[in-house]
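J.: Let me give you the structure first, and then I'll get to my questions.
2 protein chains.
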Amino acid sequence: MDAYLKNIKEWALVTQAARRFKTADRSVVVGPGDDAAVIRGPKGFYGLLTADMLVEFVHFKKGEDLKKVGYKAVAVSVSDIAAMGGQPRFALVSVGLPRKDPARRAQALFAGLGQCARRYGVSIIGGDMNRSDRLVIDVFMMGEVEKKNLVLRSGAKDGDVILVSGPLGGSQASGRHLAFVPRVEEARFLVKHSKVHAMMDLSDGLSMDLSRLCEASRLGAVISEEDIPRNPGVKTIAAALGDGEDYELLFTLAPKEARRLAISCGRPSSPFRFYPVGRMTDTFRGVRIRGRDGFLKKLPPPKFKHF
Amino acid sequence: MDAYLKNIKEWALVTQAARRFKTADRSVVVGPGDDAAVIRGPKGFYGLLTADMLVEFVHFKKGEDLKKVGYKAVAVSVSDIAAMGGQPRFALVSVGLPRKDPARRAQALFAGLGQCARRYGVSIIGGDMNRSDRLVIDVFMMGEVEKKNLVLRSGAKDGDVILVSGPLGGSQASGRHLAFVPRVEEARFLVKHSKVHAMMDLSDGLSMDLSRLCEASRLGAVISEEDIPRNPGVKTIAAALGDGEDYELLFTLAPKEARRLAISCGRPSSPFRFYPVGRMTDTFRGVRIRGRDGFLKKLPPPKFKHF
C-alpha cells in the first residue's frame, strides 16, 4: 500500500473531513478515522460502515487475475468490519470498467467478489457500473456489532499487552496480498471472550499502524524485535514491520486478559494463535523497538512513497 | 448519462448479480435493480443503500469545476434515496485523485461534497482516498424510510396516471446536470400525502426510465407528446425524452389520487407542481407516445452510446 496516500487519506478525511464534514447528527457514534464509521443501529447493535477503493496500476497490476482482485476488494472491507469487532452483512460494489472486454472482465471480477462475499456471509445488494480508462473497484460494506463488543483504535491503556493475530511481512512477494483471510473469526472470538481495549487491522505494516493506534489512544508503545512473528522468507525486521498488506489484527489487552488468552489459545484444541509483540506505555509517545542487543530504538519514520 | 452503460449496469448488476449474488439473507428486502437497495432497519423503518460513481471524461469534463462535481456526486445519491420515498442520512466518499495537485483538487471537491451534504442533512462519516490516473468519485449513501412510505419501481397499476416533478430536457446544455436539485422535499411530500404506487428518478431520460418502470411493474405506458413539460430551449420532443440527467421524479398514482394531488398542488400556496404525462396500461408492454397528430407510436429504442 502507498503509505503517503494512506497518510493523505488520514490527513484529508480525518482533518479536512472532520472540519468540513463535522456532523451534529447524534446517530453518528464514530466518524472518519477508525477502520469503519459507527452509527446507531437496531436495539443493542451499532451499524458499521466502511469503503475501500482499489485502482488498477496503484493497488494491482494491469494483467492481474481479476477474480483475485474481486476477492481482495471484498476482503479488505470485511477486514475493516472485523477490526471493529463486528460481523459484515451487506455490500454495494461500484466498478469502473475499461472499454475493452467489459463483459469478460466483469465476469472474472464478479466471480471473485461473489466468492469472498459468500465466504463471509456478505450479501451484495447493489452498486454502480461505469466506463473508466482504468479498472477501479470500490466496495462499500455495512456490518453490525453488539454495542458491548465494539472496539475502537482509541481504547488502549497504559501497560496493555500488544498482540497480533499472525506472522507479518512478505504479503506482496507471496501473493497473499490478494488472497488473505480477513480475521473475522478471530476478531469475533476476541470480542466475545476477552476484554479487548483497542483493535485495528494491519494494512500498512505494524510500524505505521501501531503508530496510528498509539496516536488514537494518546499513548506510546514498545515492541520487541525478537517477539515479532515473521512469515517464511521475511529476512529483515524492517520487512516484517513495513511490508504492509498483512491484514492481521493488531489489538491490546490488559496483562491479566493477555495471560488468560495465552492459556486458552495454548491448548492444542484452540483454532487460533495470537502473538504478544510489546506493551503500551504512557511514558512517551510513538513506537520504540527493543533490538536483539537489548537497546531501545525509535522506529525510523515509515518511508512515504511519492504521490 | 451513458445509456448503454446504464444498460450494462442493469444487465450486469440485475442479471449477473441477481444470479451470482443471490442472497438468502432475510434482512434484504429489495436487492439490486431499484434506485436503492432496501434492508430491514430499526423498528418501523427500512434502511436504503445506494452507490453512484462519477468518472472524469465519462461523467464530467477534465477542466470541470470540482466543487460542482462534488455537489453532483452527492446529489445523485440523494436523488436515489428520495426516489424510494426516503430521507438521506449518511455518506461515505471514495475518491481516486490524480497525482497532480491532489490537495487543491481535493479541497474544491470536498467543498462541493460538503455543500450538498449539508443542504440535504447528510453526514459524511468516512470514505477512502487513493491515487488514480483519472479523477473518480464514488459516493455511498445510506438513508431511511418509514416502512409504510417505501415506494418501488414495481408497484404501478393498470390505469395509473404517470407524473413527473418538473420540465424535462436540456440538462447538460444548461449546466443543470451539475447543479440540479434532488427532489427530496417533493418525494417526501408525495409519500406522506398521496398513495404513490411506483416511483424512480429520471437519470437517463423519460423514454428509457419509463421503460424500466414499465418492465419492473410488468405493464405498458402511453404518454402524450403535448403533455410532456419541456425546459426552456428544449426544441424537440426527442430531446425532452432522451437528454437525460433531469433528476426529476417519475411516479404513478391511481386516477383519484392524481386528481386529489392536482387540487392540492393547484392552490397558489403549494410549493410543488407535478405534471401528468400519461397512463399505465395492461394492454401492451413498453412505452407508446400519442403525437400531436393524435396517432399512437412506439417510442424508438433509445440510442445506446458505445462502451
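For the protein sequence lines, the chains are A and B, in the order given. So in this note's numbering, spot 265 of the first sequence is number 1393, and the numbers just go up one at a time. So in this note's numbering, spot 133 of the second sequence is number 1261, and the numbers just go up one at a time. Don't be surprised by glycine CBs; every beta carbon is placed ideally from N, CA and C.
#1: Quick one: is A/V1443 near chain B, going by C-beta distance under 8 Å?
#2: Using a cut-off of 9 Å between C-beta atoms, extract the partners of A/R1262 located in chain B.
#3: Should A/Q1215 be labelled buried (16 or more other beta-carbon atoms within 10 Å of its own) or exposed?
#4: Only counting the same chain, and skipping five residues up and downstream in sequence, which positions put a Cβ closer than 8 Å to that of A/L1141?
#5: Figure out for me which residue from B/R1232, B/F1218, B/A1236, B/R1346 has the closest Cα to the Cα of A/A1165.
#6: Compile a chain-ordered list of the residues in the segment 1331-1364 of chain B whose CB is closer than 8 Å to at least one CB of chain A.
#7: By alpha-carbon positions, which one of B/I1253, B/A1301, B/L1220, B/L1306 ends up nearest to A/F1268?
#8: So, does the segment 1316-1336 of chain B touch the segment 1370-1388 of chain B, judging by three or more C-beta pairs under 8 Å?
#9: Can you tell me which of A/A1234, A/V1157, A/P1357, A/V1289 puts its alpha carbon nearest to the alpha carbon of A/C1342?
#10: Going by C-alpha distance, which of A/D1261, A/I1252, A/S1282, A/M1336 is nearest A/G1271?
#11: Excluding five sequence neighbours on each side, which residues of the same chain lie with their C-beta closer than 6 Å to the C-beta of B/A1239?
#12: 8 Å is my cut-off, CB to CB: does A/M1328 come that close to chain B?
#13: Hey, could you find the ends of the alpha helix (DSSP H) A/F1317 is sitting in?
#14: According to the Cβ coordinates, are A/E1353 and A/G1419 closer than 8 Å?
#15: Taking B/M1181 as the reference, which of A/S1207, A/G1224, A/H1187 has the closest Cα?
#16: Say whether chain A places a C-beta atom closer than 8 Å to the C-beta of B/M1212.
#17: Per DSSP, B/L1291 forms a beta bridge with which residues?
#18: With distances taken between CB atoms, is the gap from B/L1296 to B/L1338 smaller than 8 Å?
#19: Taking 8 Å as the CB-CB cut-off, is B/V1186 touching chain A?
#20: Short of 6 Å in beta carbon distance, which residues of its chain neighbour A/G1198, apart from the five on each side in sequence? Order them along the chain.
#21: Over what stretch of residues does the alpha helix (DSSP H) that includes B/I1209 continue unbroken?
#22: Following the continuous beta strand (DSSP E) through A/A1164, name the residue where it begins and the one where it ends.
#23: So with CB distances below 8 Å, who are the chain B contacts of A/L1220?
#24: Does any CB atom of chain A fall closer than 8 Å to the CB of B/T1151?
#25: List, in chain order, every chain A residue whose beta-carbon is nearer than 9 Å to that of B/T1159.
#26: Does any residue of chain B bring its CB to less than 8 Å from the CB of A/V1312?
#27: Please classify B/P1230: does DSSP put it in a helix, a strand, or coil?
#28: Residues in the same chain with beta-carbon distance under 8 Å from B/A1245, minus the five sequence neighbours each way, listed in chain order, please.
#29: If you drop the 5 nearest sequence neighbours on each side, which residues of the same chain put their C-beta closer than 7 Å to that of A/K1275?
#30: Please state if the CB of B/Y1403 and the CB of B/P1357 are separated by a distance shorter than 8 Å.
#31: In whole angstroms, what is the alpha-carbon distance linking B/G1414 and B/F1308?
#32: Would you give the residue range spanned by the beta strand (DSSP E) that A/G1175 belongs to?
#33: Within 10 angstroms of its Cβ, does A/S1347 collect 16 or more other Cβ (buried), or is it exposed?
#34: Whose C-beta lies closer than 6 Å to the C-beta of A/I1351 among residues of the same chain, with five residues either side of it excluded?
#35: With C-beta atoms as the reference, is A/D1286 less than 8 Å away from A/T1409?
T.: Short version:
#1: With chain A covering only 1129 through 1435, there is no way to say anything about residue 1443 of chain A.
#2: Against the first sequence, residue 1262 of chain A aligns to sequence position 134. In chain order: G1224, S1260, D1261, R1262, V1264.
#3: Position 87 of the first sequence, counted from the first residue, corresponds to residue 1215 of chain A. Buried.
#4: As a working note, residue 1141 of chain A is residue 13 in the first sequence. Its pLDDT being 47, under 50, A/L1141 is placed unreliably by the model, and nothing is read from it.
#5: As a first step, residue 1165 of chain A must be located in the first sequence, where it is residue number 37. With distances taken between Cα atoms, A/A1165 lies closest to B/F1218.
#6: none
#7: Walking along the first sequence from the start, residue 1268 of chain A turns up at place 140. Closest option to A/F1268, Cα to Cα, is B/L1220.
#8: yes
#9: Numbered from its first residue, the first sequence carries residue 1342 of chain A at position 214. Residue A/V1289 is the option with its Cα nearest to A/C1342.
#10: In the first sequence, the residue the question calls residue 1271 of chain A occupies position 143. Here the closest residue by C-alpha is A/I1252.
#11: By one-based count along the second sequence, residue 1239 of chain B stands at place 111. Hits under 6 Å: K1195.
#12: Against the first sequence, residue 1328 of chain A aligns to sequence position 200. A/M1328 does not count as touching chain B.
#13: Position 189 of the first sequence, counted from the start, is the residue given in the question as residue 1317 of chain A. Per DSSP, A/F1317 belongs to the alpha helix (DSSP H) from 1312-1321.
#14: Taking the first sequence and counting its residues from 1, the one referred to as residue 1353 of chain A is at position 225. Taking the first sequence and counting its residues from 1, the one referred to as residue 1419 of chain A is at position 291. For A/E1353 and A/G1419, yes; Cβs fall inside 8 Å.
#15: As a position in the second sequence, residue 1181 of chain B is number 53, starting the count at 1. Among A/S1207, A/G1224, A/H1187, the Cα nearest to that of B/M1181 is on A/G1224.
#16: For the purposes of this step, residue 1212 of chain B is taken as the residue at position 84 of the second sequence. Not closer than 8 Å to any Cβ of chain A, the Cβ of B/M1212 fails to qualify, so no.
#17: On the second sequence, residue 1291 of chain B is found 163 positions in, with the first residue counted as 1. Paired residue(s): B/F1379, B/P1404.
#18: For the purposes of this step, residue 1296 of chain B is taken as residue 168 along the second sequence, with counting starting at 1. For the purposes of this step, residue 1338 of chain B is taken as residue 210 along the second sequence, with counting starting at 1. Pairing B/L1296 with B/L1338 gives a Cβ-Cβ distance that is not under 8 Å.
#19: The count along the second sequence starts at 1 and reaches residue 1186 of chain B at position 58. Cβ-Cβ to chain A under 8 Å: yes for B/V1186.
#20: Within the first sequence, numbered from 1, the residue matching residue 1198 of chain A stands at position 70. So the list reads L1237, G1240, L1241, once near-sequence residues are dropped.
#21: Residue mapping note: residue 1209 of chain B aligns to position 81 of the second sequence, counting from 1. Residues 1194-1211.
#22: Along the first sequence, read from residue 1 onward, the residue named residue 1164 of chain A stands at position 36. No beta strand (DSSP E) contains A/A1164, which DSSP labels as neither H nor E.
#23: What you label residue 1220 of chain A is simply residue 92 of the first sequence in a count that begins at 1. Neighbours of A/L1220 on chain B, chain order: A1165, L1177, T1178, A1179, F1268.
#24: By 1-based counting over the second sequence, the position of residue 1151 of chain B is 23. Yes, contact with chain A.
#25: Against the second sequence, residue 1159 of chain B aligns to sequence position 31. Residue identity check: residue 1159 of chain B is Gly in the sequence provided, not Thr. In chain order: S1251, I1252, I1253, G1254.
#26: Position 184 of the first sequence, counted from the first residue, corresponds to residue 1312 of chain A. With 8 Å as the cut-off, A/V1312 does not count as an interface residue toward chain B.
#27: For the purposes of this step, residue 1230 of chain B is taken as residue 102 along the second sequence, with counting starting at 1. Correct three-state label for B/P1230: helix.
#28: Counting from one through the second sequence, the residue named residue 1245 of chain B turns up at place 117. Counting only Cβ-Cβ distances below 8 Å, and skipping sequence neighbours, we find V1202, A1219, S1251, I1252.
#29: Start at 1 with the first residue of the first sequence, and residue 1275 of chain A comes out as number 147. Contacts found: G1172, F1173, Y1174.
#30: As a position in the second sequence, residue 1357 of chain B is number 229, starting the count at 1. As a position in the second sequence, residue 1403 of chain B is number 275, starting the count at 1. Against a cut-off of 8 Å, the Cβ pair of B/Y1403 and B/P1357 comes out as a contact.
#31: As a working mapping, residue 1414 of chain B is identified with position 286 in the second sequence. As a working mapping, residue 1308 of chain B is identified with position 180 in the second sequence. So the two alpha carbons sit approximately 28 Å from each other.
#32: Within the first sequence, numbered from 1, the residue matching residue 1175 of chain A stands at position 47. It spans 1173-1183 - the beta strand (DSSP E) in which A/G1175 sits, taken as one unbroken run.
#33: Position 219 of the first sequence holds residue 1347 of chain A. Reading off the sequence shown, one finds Leu at residue 1347 of chain A, where the question assumed Ser. By the 10 Å Cβ count, A/L1347 comes out buried.
#34: Within the first sequence, the letter at position 223 stands for residue 1351 of chain A. Same-chain partners within the cutoff: V1405, G1406, I1417.
#35: What you label residue 1286 of chain A is simply residue 158 of the first sequence in a count that begins at 1. What you label residue 1409 of chain A is simply residue 281 of the first sequence in a count that begins at 1. Yes.
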